[in-house]
Amino acid sequence: MIRRRLRVSLSVATVWRLLKRHGWSWQAPARTALERDEHAVELWKKEVWPRVKASRRQPGPGSSSRTKPASR
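Residue numbers (my numbering): 238 to 309.
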């Protein structure tokens, strides 16, 4: 955005230094959401996440090329 708006190219470190100098910092939530249901979160991590994680495709032979078929 800086390059487009100001036509100046700055490194990430320089941008961070400028923001810090002017009192800005990285954004972080100040508090946990009031609507958060800790019991529901723990239940999801215990029951749903293992199924989601297990449903990932198993590694096997294949090709990273979109034009070449997988060798078997």
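For glycine and all other residues, C-beta sits at the position ideal for the given N, C-alpha and C.
If you drop the 5 nearest sequence neighbours on each side, which residues of the same chain put their C-beta closer than 6 angstroms to that of A270? Mapped onto the sequence shown, residue 270 falls at position 33. The answer is none, since no qualifying residue turns up.
Looking at the structure shown, is A250 part of a helix, part of a strand, or coil, going by DSSP? Reading the sequence shown from its first residue, position 13 is the one you call residue 250. In the structure shown, A250 sits in a helix (DSSP, three-state: H, G or I).
Under 8 angstroms between the Cβ atoms of S246 and R240? If you number the sequence shown from 1, residue 246 lands on position 9. If you number the sequence shown from 1, residue 240 lands on position 3. Result yes, Cβ atoms of S246 and R240 sit closer than 8 angstroms.
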